[in-house]
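Undergrad: Residue numbers (this note's numbering), protein chains in the order written: chain D, 130 to 464; chain R, 130 to 464. Note that beta-carbon positions come from the ideal geometry of N, C-alpha and C, so glycine has one too. Note that the coordinates shown come from a computational prediction; the quantities given were computed from them, not determined experimentally.
There are 2 protein chains.
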Amino acid sequence: MKTKFINAPENVTRELLEGYVLCYPDKVKLAGENIVVRAHAKDESKVAIVTLGGSGHEPALSGFVGEGMLDCSVVGDIFAAPGAQRLFQALQLMKREAGILLVVLNHSGDVMSANMACELAGRAGIKVKQLMTHDDISAGIGAAKEDRRGLAGCVPLYKILGAASEAGKSLDELIEIGTRFNENIATLAVATGKCTHPQNNAVISELPLGIMEIGMGQHGEGGGGQSPLVSADDTAIQMVDMLCQQLKPEPGSQLLLIINGTGATTQMEHNIVFRKAYKELVSRGMDIAFSRIQEILTVQEQAGFQMIMAILDGDHVEYLTRKKADAPYWTTIEQ
Amino acid sequence: MKTKFINAPENVTRELLEGYVLCYPDKVKLAGENIVVRAHAKDESKVAIVTLGGSGHEPALSGFVGEGMLDCSVVGDIFAAPGAQRLFQALQLMKREAGILLVVLNHSGDVMSANMACELAGRAGIKVKQLMTHDDISAGIGAAKEDRRGLAGCVPLYKILGAASEAGKSLDELIEIGTRFNENIATLAVATGKCTHPQNNAVISELPLGIMEIGMGQHGEGGGGQSPLVSADDTAIQMVDMLCQQLKPEPGSQLLLIINGTGATTQMEHNIVFRKAYKELVSRGMDIAFSRIQEILTVQEQAGFQMIMAILDGDHVEYLTRKKADAPYWTTIEQ
Chain D
130 MKTKFINAPE NVTRELLEGY VLCYPDKVKL AGENIVVRAH AKDESKVAIV
180 TLGGSGHEPA LSGFVGEGML DCSVVGDIFA APGAQRLFQA LQLMKREAGI
230 LLVVLNHSGD VMSANMACEL AGRAGIKVKQ LMTHDDISAG IGAAKEDRRG
280 LAGCVPLYKI LGAASEAGKS LDELIEIGTR FNENIATLAV ATGKCTHPQN
330 NAVISELPLG IMEIGMGQHG EGGGGQSPLV SADDTAIQMV DMLCQQLKPE
380 PGSQLLLIIN GTGATTQMEH NIVFRKAYKE LVSRGMDIAF SRIQEILTVQ
430 EQAGFQMIMA ILDGDHVEYL TRKKADAPYW TTIEQ
Chain R
130 MKTKFINAPE NVTRELLEGY VLCYPDKVKL AGENIVVRAH AKDESKVAIV
180 TLGGSGHEPA LSGFVGEGML DCSVVGDIFA APGAQRLFQA LQLMKREAGI
230 LLVVLNHSGD VMSANMACEL AGRAGIKVKQ LMTHDDISAG IGAAKEDRRG
280 LAGCVPLYKI LGAASEAGKS LDELIEIGTR FNENIATLAV ATGKCTHPQN
330 NAVISELPLG IMEIGMGQHG EGGGGQSPLV SADDTAIQMV DMLCQQLKPE
380 PGSQLLLIIN GTGATTQMEH NIVFRKAYKE LVSRGMDIAF SRIQEILTVQ
430 EQAGFQMIMA ILDGDHVEYL TRKKADAPYW TTIEQ
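1) In whole angstroms, give me the CA-to-CA distance for glutamine 259 of chain D and lysine 224 of chain D.
2) Quick one: Cα of valine 165 of chain R to Cα of alanine 456 of chain D, how far?
3) Among residues of its own chain, excluding the 5 on either side of proline 378 of chain R, which ones have a beta-carbon nearer than 7 Å to its beta-carbon?
4) Can you round the beta-carbon distance between glutamate 144 of chain R and isoleucine 366 of chain D to whole angstroms, since I take them to be within the 8 Å contact cut?
5) Decide if valine 179 of chain R is buried, meaning its Cβ has at least 16 other Cβ atoms within 10 Å, or exposed.
6) With 16 as the cutoff for other CB atoms within 10 Å, does leucine 338 of chain R come out buried or exposed?
7) Measure from the alpha carbon of aspartate 442 of chain D to the alpha carbon of each residue in D/Thr325, D/Thr427 and D/Thr308, then state which is nearest.
8) Along the region 401-420 of chain D, where does the CB come closer than 7 Å to a CB of chain B? Name the residues.
9) Between which residues of its own chain and threonine 460 of chain D is the CB-CB distance below 7 Å, once the five residues before and five after are set aside?
10) Can you list, in chain order, the residues of the region 131-150 of chain R whose Cβ is nearer than 9 Å to any Cβ on chain D?
11) Nearest chain D C-beta to valine 395 of chain R closer than 7 Å, yes or no?
12) For the region 424-438 of chain R against the region 345-354 of chain R, do three or more pairs of beta-carbon atoms, one drawn from each stretch, fall closer than 8 Å, so that the two count as touching?
13) Nearest chain R C-beta to leucine 385 of chain D closer than 7 Å, yes or no?
14) Assuming leucine 317 of chain R and isoleucine 266 of chain R form a contact by the criterion Cβ under 8 Å, report the distance between their Cβ atoms to the nearest whole angstrom.
15) Quick one: which chain R residues come within Cβ less than 7 Å of glycine 185 of chain D?
16) Based on DSSP bridge pairs, tell me the residues matched to proline 357 of chain D.
17) Less than 7 Å between C-beta atoms, sequence neighbours within five positions excluded: which residues of the same chain meet that for glycine 392 of chain D?
18) Check whether chain R comes within 7 Å of threonine 364 of chain D, counting only Cβ atoms and requiring the distance to be less than that.
19) Taking one C-beta from the region 262-279 of chain D and one from the region 292-305 of chain D each time, how about it: are there three or more such pairs within less than 8 Å?
20) What are the complete beta strand (DSSP E) segments, minimum 3 residues, inside the region 202-278 of chain R?
21) Can you have a look at lysine 274 of chain R and say buried or exposed, based on whether 16 or more other CB atoms are within 10 angstroms of its CB?
22) Count the CB pairs spanning the region 283-290 of chain R and the region 149-166 of chain R that are closer than 8 Å, and state whether there are at least three.
23) Could you tell me the alpha carbon to alpha carbon distance between alanine 219 of chain D and isoleucine 207 of chain R, rounded to whole angstroms?
24) Please list the terminal residues of the continuous beta strand (DSSP E) segment that includes serine 334 of chain D.
25) Kindly list, in the order they appear in chain R, the residues whose Cβ is closer than 8 Å to that of glutamate 430 of chain D.
26) Find the residues of chain D that neighbour threonine 427 of chain R, judging by a C-beta separation of less than 9 Å, and give them in chain order.
27) Work out the CA separation of leucine 410 of chain R and proline 380 of chain R for me, nearest whole Å.
28) Looking at the strands, I want to know which residues DSSP matches up with glutamate 196 of chain R.
29) Can you list the residues of chain R that cysteine 283 of chain D reaches, using a CB-CB cut of under 8 Å?
30) For glutamine 396 of chain R, which of helix, strand or coil comes out of DSSP?
31) Spell out the partners DSSP gives aspartate 478 of chain R in its beta bridges.
32) Pull up the distance between the alpha-carbon of glycine 322 of chain R and that of isoleucine 333 of chain R, whole angstroms please.
33) Going straight from the alpha carbon of arginine 413 of chain R to that of methionine 368 of chain R, what length do you get?
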């Protein structure tokens, strides 16, 4: 029985990308099978920002290809890393003296493909460096980086790196800017309800009605255990507490606060959760320098959201808020 | 039992609007209870664009308040029209010699509030004219305007009117531009699954797994009858056919094509439906001059989407694609 608006399951990824680039022809195009690039390429004197990841998380990751953000997104099948050969093909397309910065979300398949493709690229004389994201804190406060998955915190990172690259920063400078951001960002997910894999209808996650799970990963991976759904305000405070334990912001800290919807939860609810998180942080003396409520990285129809917090330096604020971005799902007008 | 991230049900609307304006303080603010206005008001020499409608459809309608779009959104409780007194209060705030254009989606409560508020405004010497939207075609091809509800087609209309107002068009000119757009737009919804009212948990709509209903309204109102879910491509063709029967585009027509997600259906699916709709229209000789895939007007967690099509004149294309908009959920960089 059909439960989703798809055609043949094996064509889902190809067709969703085709629809995407047809919708935004002034901004994005396909440069190969499952390789999305800008419709108008950035000057080759500037570092290319490239990322990779499975599909099924739309608008992520390819929704952020565009001026001032990503130059290229290499897409795998639903929830699956793209192969190293496809990624290597993309690195060849992006080759330039200024170099390529490859942003890798910490998931084993993506890491393996990235390492293999970078090895091939090195042999082919392509200058590429990796920057790994690991913003998920569900493995525990202060857990080792390797044990922390990359969640939707990659998206504001793309914005910062894209703007810094447009401003002419070198590959090493971009690594420094991005690393400084990555060391001060934390994301926590909460899930409710159920979601299914579009290709085989397998249940990815299933939570009984009225139950939430804080810390669930982007593919139904276990989190911090299930508990009855509490109010929006109590949920917000609980998540803010955990994020602050990790980041240790101080009064006067300039914070980023994003609510990323993962699927079926309404924006109405995100707004209400955001309201309390914002007020709680302000009552602790922090400033919210950048905020957004949006489905930036979804997990099929998974109800729930990710709360993303970061302590920003002045250059991060500048790149996030004042520099132009013109990707289909992230547009910032130059101030 | 809690199933949504809210606090006291009676506070949902106030709290979601408070969260919204806290998130985007550079763009929007509250100017009264449930009245959202631009953070930086438009020059009073230009016509104000105002709209009204119930909450529960986020990001609509208030998500489109901002430079180049709406000046003011007057919000009712979940799925309920705001009262005439609140709307009158907003009209007083927006009063100017150039006048106010009030965009009203054709739903009985909204129409009644708009008529009463405009009568009060007239007595108070406030210059205001109404523009009604009725893009839904589920009442049947060629049905009388009065019988056709206003669906998400109001959103591109806000963009066109906002840009035309910024360009200095008079109230009568805006009525002409908007009427010409309204006469050439058609929207069709398809729903699957179930959604509930956040304040009383009442089931707004419930469709068995594997069943879709084409033509369902924005609050679970009956549509064209239920049928088994078919493929994305077949769904797209069926909807394109009906929209074309209504609009009768000709080869060479410049079309708008938007897929508006109403809640739980993934953007992955919207992309795949868009792909076929786009190809089908191009194969019939039409040009797609403007397109977008986004949740612009939701119906809580209702799975499904609305397909919006319009035949555009040259000025509509210009206002939609080349003129600046800077609302939280619709940003266009000036070309």
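TA: In brief:
1) Numbered from its first residue, the first sequence carries residue 259 of chain D at position 130. Numbered from its first residue, the first sequence carries residue 224 of chain D at position 95. Cα to Cα, the separation comes out at about 14 Å.
2) Translated into the one-based positions of the second sequence, residue 165 of chain R becomes position 36. Translated into the one-based positions of the first sequence, residue 456 of chain D becomes position 327. Rounded to the nearest angstrom, the two C-alpha atoms are 27 Å apart.
3) Within the second sequence, residue 378 of chain R is the residue found at index 249, counting from 1. Contacts found: Leu384, Met415 and Ile440.
4) Locating residue 144 of chain R in the second sequence gives position 15, where the first residue counts as 1. Locating residue 366 of chain D in the first sequence gives position 237, where the first residue counts as 1. Going by Cβ atoms, the distance from glutamate 144 of chain R to isoleucine 366 of chain D rounds to 14 Å, so no, they are not a contact pair.
5) On the second sequence, residue 179 of chain R is found 50 positions in, with the first residue counted as 1. Result: buried.
6) Taking the second sequence and counting its residues from 1, the one referred to as residue 338 of chain R is at position 209. When all chains shown are included, leucine 338 of chain R counts as exposed.
7) The residue given as residue 442 of chain D occupies position 313 in the first sequence. Nearest C-alpha to aspartate 442 of chain D: D/Thr308.
8) Looking at the structure shown, chain B is missing, and the protein chains on hand are D and R.
9) The residue labelled residue 460 of chain D in the question sits at position 331 within the first sequence. Annotation for threonine 460 of chain D: Ala454 place their beta carbon closer than 7 Å to its own, counting only its chain and skipping 5 residues before and after.
10) Lys131, Thr132, Lys133, Phe134, Ile135, Asn136, Ala137, Asn140, Val141, Thr142, Glu144, Leu145, Leu146, Glu147, Gly148 and Tyr149
11) Within the second sequence, the letter at position 266 stands for residue 395 of chain R. What sits at residue 395 of chain R in the sequence shown is threonine, not valine. For threonine 395 of chain R, the answer is yes, since a Cβ of chain D falls inside 7 Å of its Cβ.
12) Contact holds: three or more Cβ-Cβ distances are below 8 Å.
13) By one-based count along the first sequence, residue 385 of chain D stands at place 256. No, no contact with chain R.
14) Here residue 317 of chain R refers to the residue found at position 188 of the second sequence. Here residue 266 of chain R refers to the residue found at position 137 of the second sequence. At roughly 6 Å, the Cβ-Cβ gap stays under 8 Å, so leucine 317 of chain R and isoleucine 266 of chain R are in contact.
15) Counting from one through the first sequence, the residue named residue 185 of chain D turns up at place 56. Simply Met397.
16) Start at 1 with the first residue of the first sequence, and residue 357 of chain D comes out as number 228. The partner list for proline 357 of chain D (beta bridge, DSSP) reads D/Ile340.
17) Mapped onto the first sequence, residue 392 of chain D falls at position 263. So the list reads Cys324, Thr427, Val428, Gln429, Glu430, Gln431 and Ala432, once near-sequence residues are dropped.
18) Translated into positions along the first sequence, residue 364 of chain D becomes position 235. With 7 Å as the cut-off, threonine 364 of chain D counts as an interface residue toward chain R.
19) no
20) 229-234 and 257-262
21) Here the question's residue 274 of chain R lines up with position 145 in the second sequence. Flag for lysine 274 of chain R reads exposed.
22) no
23) As a working mapping, residue 219 of chain D is identified with position 90 in the first sequence. As a working mapping, residue 207 of chain R is identified with position 78 in the second sequence. Distance between the alpha carbons of alanine 219 of chain D and isoleucine 207 of chain R is about 47 Å.
24) Position 205 of the first sequence, counting from 1, holds the residue named residue 334 of chain D. 332-335 is the extent of the beta strand (DSSP E) around serine 334 of chain D.
25) Position 301 of the first sequence, counting from 1, holds the residue named residue 430 of chain D. In chain order, Ala393, Thr394, Thr395 and Ala432 make up the part of chain R whose C-beta sits under 8 Å from the C-beta of glutamate 430 of chain D.
26) In the second sequence, residue 427 of chain R corresponds to position 298, counting from 1. Those are Thr395, Gln396 and Met397, listed as they occur along chain D.
27) As a first step, residue 380 of chain R is located in the second sequence; it is residue number 251 there, counting from the start. As a first step, residue 410 of chain R is located in the second sequence; it is residue number 281 there, counting from the start. Cα-Cα distance, rounded: 9 Å.
28) Position 67 of the second sequence holds residue 196 of chain R. R/Asp455, per the DSSP bridge assignment.
29) The sequence position of residue 283 of chain D within the first sequence is 154, counting from 1. What cysteine 283 of chain D touches in chain R: nothing, since even the nearest Cβ is about 17 Å away.
30) Along the second sequence, one-based indexing puts residue 396 of chain R at 267. Glutamine 396 of chain R: helix per DSSP, three-state reduction.
31) No answer is possible for residue 478 of chain R: the residues shown for chain R start at 130 and end at 464.
32) Here the question's residue 322 of chain R lines up with position 193 in the second sequence. Here the question's residue 333 of chain R lines up with position 204 in the second sequence. For glycine 322 of chain R and isoleucine 333 of chain R, the gap between their C-alpha atoms comes out near 11 Å.
33) Working through the second sequence from its first residue, we reach residue 413 of chain R at position 284. Working through the second sequence from its first residue, we reach residue 368 of chain R at position 239. Arginine 413 of chain R and methionine 368 of chain R: Cα-Cα distance of roughly 14 Å.
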